[in-house]
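Colleague: Position one of the sequence shown corresponds to residue 305 (our numbering), numbered consecutively onward. Beta carbons are placed, not taken as given, at the ideal position from N, Cα and C, and that holds for glycine.
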Amino acid sequence: IDMTPKGLVNDDGNYVLQHEDIANLLKYVWSGVLLPVTVSAYQDRLNLSTDTVDKLSDVIDPLLAAYATAQKNCLKFRDETYPSIVDLSNDVFAYAQTAGGTIDDSYYDAIIDQQTGEIERMQARAKGTVADLKTFESLTQTDQNALSSRSNALNDKIIAELGSIKELDAEMEKYRKQMRSDMDECEHDRVIAQTSAAYVWLFPFGTIAAAAIAVIFTNKANDMERSIRQVKDLIAKDQQKKHDETNLSLDLKAIGNDLKSVRDKIQPCIKVLETMEGVWSAIAGDLSTIKELLARDFRSAGEAMAKLEAKKLVNDWNELKVSIDKYRQVAYVADVSTVTMDEYVVQL
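(1) Identify which residue in T308, K331 and S452 has its Cα closest to the Cα of I364.
(2) Helix, strand or coil: how does DSSP classify A638 here?
(3) Pick out whichever of T420, F397 and K376 has its Cα sitting closest to the Cα of S592.
(4) Which value, in whole angstroms, describes the spacing of the CA atoms of S641 and W505?
(5) Nearest CA to the CA of Q448: which residue from L437, H323 and V566?
(6) Across which residues does DSSP place V313 in a beta bridge pair?
(7) At what residues does the beta strand (DSSP E) containing T511 begin and finish?
(8) Can you tell me the Cα-Cα spacing of I509 and A558, whole angstroms?
(9) In terms of DSSP beta bridges, what is V504 paired with?
(10) How about L577 and V434: are their beta carbons less than 9 Å apart?
(11) For the putative contact between L652 and A430, defined by C-beta atoms under 8 Å, what is the C-beta separation to the nearest angstrom?
(12) What distance in whole Å lies between the Cβ atoms of K625 and Q401, which are believed to be in contact at a cut-off of 8 Å?
(13) Taking the alpha-carbon positions, what's the E324 to K310 distance?
(14) In chain order, what residues of the same chain have a beta carbon less than 6 Å from the beta carbon of A370, not counting five sequence neighbours either side?
(15) Mind checking which residues open and close the alpha helix (DSSP H) that includes K470?
(16) Do S548 and S344 have their C-beta atoms within less than 9 Å of each other?
(17) What residue range is occupied by the uninterrupted alpha helix (DSSP H) comprising G336?
(18) Which residue's Cα is closest to the Cα of D655: I463, A374 and D417?
(19) By the 10 Å Cβ neighbour count, where 16 or more other Cβ atoms means buried, how is P340 classified, buried or exposed?
(20) Is it buried or exposed, L379, if we count other Cβ atoms within 10 angstroms and call 16 or more buried?
(21) Take L512 as the anchor and find which of V313, Q322 and S335 has the nearest alpha-carbon.
(22) Alpha carbons only, please: which of V313, V396 and I469 is nearest the one belonging to D555?
(23) What residue from L330, T356 and D493 has the CA that sits closest to R465's CA?
(24) Write down the C-beta distance between I628 and L552 rounded to the nearest angstrom, noting that I regard them as a contact closer than 8 Å.
(25) Compare the beta carbon distance of E529 and K331 with 9 Å and say whether it is the shorter of the two.
(26) V341 lies in the alpha helix (DSSP H); which residues open and close that run?
(27) Considering just the uninterrupted stretch of the alpha helix (DSSP H) at L367, what are its terminal residues?
(28) Using the C-alpha atoms, what's the distance from D383 back to Y412?
(29) Tell me which same chain residues have a C-beta within less than 6 Å of the C-beta of R632, skipping the five on either side of it?
(30) Would you report the Cα separation of V618 and A398, rounded to the nearest angstrom?
(31) Would you report the Cα separation of L321 and Q375, rounded to the nearest angstrom?
(32) For N523, which three-state DSSP category applies?
(33) Between V634 and A501, is the Cβ-Cβ spacing less than 9 Å?
(34) Can you list, in chain order, the residues of its chain whose CB lies under 7 Å from that of Q482, leaving out five sequence neighbours each side?
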């Protein structure tokens, strides 16, 4: 028996839900929230000619229908499922307040049944959130299949009607990989520092950290600026010949990458929540052991409790409380905006 918060605080000293997989999932969900779902919105976003939209209408319309479904599912995650993940921390905070405090008023002298009941309630909520994530995972897989099929149909027609941009796309992939690497580094450091997130949709890269965040948490602002300018030049040269197919193809690739990332991040998030469930089971096990000892042999129970380092226990729970409070302050993300490469470079 140790009665500590166990794995509710990670190796970085942060609350277990202050996790980059959870943060990244919300980041990529915003790509789905920002999907254009009408022809006019799609045309405006990519600056397409009416002639191109008319030529491709038979494949654009089904794609936008798939976008609308994916957007609906991502909105539900943003507005319902993600807040339920954050709300778990409110329960843990309340429990930590009881378990912490001072040695004299801490819960080790309180009613064990009440604490066990609280744990069972938190476990049930965590299980419910995991179930919601699994439902979202299933919906995301369906969305991804539909989007892949309809994106391929649009790509095929783009090539047939307007021509291919294979060389540009291959070159762009090098820049996308570098940007993903830089953003992963940025997100990791931001989560450890317990700082609020801010994201933007940047064509043709997708959803990335806002420039103000990237400047703070990477040492590569100059490299990023150089890469973005090079991408801009690449696209400009290609667009002298074929503007619409370039924008269409690169946007499809950016959206496809981001929405694949949504699905890739769900399982790691589920593991984090299941880890949390396991921690609560272990804490509940400690309480049950003490309760059984009390019923069987009051003296043995007293000896077991005497071995616990009360001061350290209280400190551990108080530190957890502080970590949770920091997490709650930075858990939500302001609305994500769409920016141009020029606007992003200016902010770096």
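Modeller: From the atom records:
(1) Looking up residue 364 in the sequence shown gives position 60. That would be S452, whose Cα lies nearest to the Cα of I364.
(2) In the sequence shown, counting from the first residue as 1, residue 638 sits at position 334. Under the three-state reduction of DSSP output, A638 falls in the coil class, being neither helix nor strand.
(3) Translated into positions along the sequence shown, residue 592 becomes position 288. For the set T420, F397 and K376, the Cα lying nearest the Cα of S592 is the one of T420.
(4) Within the sequence shown, numbered from 1, the residue matching residue 641 stands at position 337. Within the sequence shown, numbered from 1, the residue matching residue 505 stands at position 201. Here the alpha carbons of W505 and S641 stand approximately 6 Å from one another.
(5) Working through the sequence shown from its first residue, we reach residue 448 at position 144. When each option's Cα is compared against that of Q448, the closest is V566.
(6) Here residue 313 is taken as the residue at index 9 of the sequence shown, counted from 1. The partner list for V313 (beta bridge, DSSP) reads Y319.
(7) Along the sequence shown, one-based indexing puts residue 511 at 207. Residues G510 to A513.
(8) For this step, residue 509 is matched to residue 205 along the sequence shown. For this step, residue 558 is matched to residue 254 along the sequence shown. According to the sequence provided, residue 509 is Phe. The question's Ile does not apply to it. Straight-line spacing of the CA atoms in F509 and A558 works out to 6 Å.
(9) Here residue 504 is taken as the residue at index 200 of the sequence shown, counted from 1. Residue pairing for V504: DSSP places it in a beta bridge opposite I512 and S641.
(10) Here residue 577 corresponds to residue number 273 of the sequence shown, with the count starting at 1. Here residue 434 corresponds to residue number 130 of the sequence shown, with the count starting at 1. In this structure, V434 lies closer than 9 Å to L577 by Cβ.
(11) Walking along the sequence shown from the start, residue 652 turns up at place 348. Walking along the sequence shown from the start, residue 430 turns up at place 126. About 39 Å separates the beta carbons of L652 and A430, which is beyond the 8 Å limit, so they are not a contact pair.
(12) For the purposes of this step, residue 401 is taken as the residue at position 97 of the sequence shown. For the purposes of this step, residue 625 is taken as the residue at position 321 of the sequence shown. Rounded, the Cβ-Cβ distance is 6 Å, consistent with contact.
(13) Numbered from its first residue, the sequence shown carries residue 324 at position 20. Numbered from its first residue, the sequence shown carries residue 310 at position 6. Rounded to whole angstroms, E324 to K310 spans 20 Å at the Cα level.
(14) Translated into positions along the sequence shown, residue 370 becomes position 66. Correct list, in chain order: A450, L451 and R454.
(15) For the purposes of this step, residue 470 is taken as residue 166 along the sequence shown, with counting starting at 1. Start and end: K470 to I496.
(16) Residue numbering aside, residue 548 sits at position 244 when the sequence shown is read from its first letter. Residue numbering aside, residue 344 sits at position 40 when the sequence shown is read from its first letter. The sequence given here places Asp at residue 548; Ser does not occur at that position. Going by beta carbons, D548 and S344 fall outside the 9 Å limit.
(17) Translated into the one-based positions of the sequence shown, residue 336 becomes position 32. E324 to V337 is the extent of the alpha helix (DSSP H) around G336.
(18) As shown, the chain starts at 305 and ends at 652. That puts residue 655 outside it, with no answer to give.
(19) Against the sequence shown, residue 340 aligns to sequence position 36. Buried is the call here.
(20) Numbered from 1 along the sequence shown, position 75 holds the residue referred to as residue 379. Here L379 is exposed, its C-beta having fewer than 16 other C-beta atoms within 10 Å.
(21) Looking up residue 512 in the sequence shown gives position 208. Note that residue 512 corresponds to Ile in the displayed sequence, not to Leu. Selected option, being the one with the closest Cα: S335.
(22) By one-based count along the sequence shown, residue 555 stands at place 251. Of V313, V396 and I469, the residue nearest in Cα terms is I469.
(23) As a position in the sequence shown, residue 465 is number 161, starting the count at 1. It is Glu, not Arg, that sits at residue 465 in the sequence shown. Measuring from the Cα of E465, the nearest candidate turns out to be T356.
(24) The residue given as residue 628 occupies position 324 in the sequence shown. The residue given as residue 552 occupies position 248 in the sequence shown. 45 Å between Cβ atoms; not a contact.
(25) Reading the sequence shown from its first residue, position 225 is the one you call residue 529. Reading the sequence shown from its first residue, position 27 is the one you call residue 331. Annotated as distal: E529 and K331, with beta-carbon spacing of 9 Å or more.
(26) The count along the sequence shown starts at 1 and reaches residue 341 at position 37. Segment: none, V341 is in no alpha helix (DSSP H) and carries neither H nor E.
(27) By one-based count along the sequence shown, residue 367 stands at place 63. Looking at the DSSP string, the run of the alpha helix (DSSP H) that includes L367 is S361 to K380.
(28) In the sequence shown, counting from the first residue as 1, residue 412 sits at position 108. In the sequence shown, counting from the first residue as 1, residue 383 sits at position 79. The predicted model places Y412 with a pLDDT of 48, which falls under 50 and marks its position as unreliable; any figure quoted below should be read in that light. Straight-line Cα distance between these residues: approximately 38 Å.
(29) On the sequence shown, residue 632 is found 328 positions in, with the first residue counted as 1. The answer, listed in chain order, is S393.
(30) For the purposes of this step, residue 618 is taken as the residue at position 314 of the sequence shown. For the purposes of this step, residue 398 is taken as the residue at position 94 of the sequence shown. Cα-Cα distance, rounded: 14 Å.
(31) For this step, residue 321 is matched to residue 17 along the sequence shown. For this step, residue 375 is matched to residue 71 along the sequence shown. Roughly 25 Å separates the two Cα atoms.
(32) Position 219 of the sequence shown, counting from 1, holds the residue named residue 523. The DSSP-derived three-state label of N523 is coil.
(33) If you number the sequence shown from 1, residue 634 lands on position 330. If you number the sequence shown from 1, residue 501 lands on position 197. A Cβ-Cβ contact shorter than 9 Å links V634 with A501.
(34) On the sequence shown, residue 482 is found 178 positions in, with the first residue counted as 1. If the five residues before and after Q482 are omitted, its C-beta is found closer than 7 Å to the C-beta atoms of S531, all from its own chain and listed in chain order.
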